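> Right, I'll just put the structure down here and ask away after.
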Amino acid sequence: MWIPVLIFGLLLGGAALLAALPGRWRVYGTTTAVSIPVLCLLLWLPLRGQLPLAAAHTAVPLPSLIWQLDTISWPLTLWLFLLFIALISRHLTTTTPEYAHTLLSLLIVTAFTLPVIWAGSPATMMVSWVALLVAWGTAVWLAERAETARRRFFWQIGLLLTAVLLLWFGAATVDTAGWNVAAWSQTALLAVLPA
770 MWIPVLIFGL LLGGAALLAA LPGRWRVYGT TTAVSIPVLC LLLWLPLRGQ LPLAAAHTAV
830 PLPSLIWQLD TISWPLTLWL FLLFIALISR HLTTTTPEYA HTLLSLLIVT AFTLPVIWAG
890 SPATMMVSWV ALLVAWGTAV WLAERAETAR RRFFWQIGLL LTAVLLLWFG AATVDTAGWN
950 VAAWSQTALL AVLPA
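For the sequence shown, our numbering assigns the number 770 to the initial residue and increments by one for each residue that follows.
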């Protein structure tokens, strides 16, 4: 289960590189933007033969987080990477200063979307959605000017918070309150993703 962690780290490392070098984004931004998704795809494709993969991480104040990769989450992640590459290729010819913010936002949101897809329990799904909510808000804040961002920021955060609260309600109404379900069905994951 170290390859998904490596992919998550690569995406966040690329975002950190773009954030650390704002003045030289024309030189390093394009290289980072092209190399990170290609490297993630090269690491992701061989995992198909190793499915299913599962891992559990235990933290003291939280319920144990269960990550699961199987025949449903693998192609969803592949489609996310392909969408990521398509969005980056759209911005490769752009030379505006907002280009670096767009790349940074894409890397952050893609990195925090992966745990939502890989969640193997309702508790993990909730933690993943909250992390995605924070990442999405950060990306919106970075991408927009402060005066226009505030209005859009609260609308988008409000919509994402509504989705998280609906997920919480769904997890709380399952038998055993949803939090003690050890083998959460991937069919439930597919039903939750459109939310």
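Glycine included, C-beta positions come from ideal geometry on N, C-alpha and C.
Note that the coordinates shown come from a computational prediction; the quantities given were computed from them, not determined experimentally.
I need the boundaries of the alpha helix (DSSP H) containing LEU779, first residue and last residue.
Taken as a continuous stretch (DSSP letters only), the alpha helix (DSSP H) holding LEU779 covers 771 to 789.
> Taking LEU934 as the reference, give the member of HIS870, TRP910, ALA892, VAL909 with the closest Cα.
Among HIS870, TRP910, ALA892, VAL909, the Cα nearest to that of LEU934 belongs to ALA892.
> Note down, in chain order, each residue of its chain lying with its Cβ closer than 6 Å to the Cβ of LEU986, except the 5 sequence neighbours on either side.
An answer regarding residue 986 cannot be provided, because it is not within the stretch 770 to 964 covered by the chain.
> Relative to the alpha-carbon of LEU872, which residue among LEU883, TRP887, ILE854 has its alpha-carbon at the smallest distance?
Comparing Cα positions, the closest option is ILE854.
> What separation, rounded to the nearest whole angstrom, lies between the Cα atoms of LEU883 and TYR868?
Each residue's alpha carbon lies about 23 Å from the other.
> Let me check understanding here. Comparing Cα to Cα, which of ALA802, GLN819, VAL896 lies closest to PHE850?
Nearest of ALA802, GLN819, VAL896 to PHE850, Cα basis: ALA802.
> Should PRO806 be labelled buried (16 or more other beta-carbon atoms within 10 Å of its own) or exposed?
Classification of PRO806: buried, given that the 10 Å Cβ count is 16 or more.
> Count the other CB atoms, across all protein chains shown, that sit within 10 Å of the CB of PHE881; report buried if there are 16 or more and exposed otherwise.
Under this definition PHE881 is a buried residue.
> State the start and end residues of the unbroken beta strand (DSSP E) segment that holds GLN837.
Start and end: 834 to 838.
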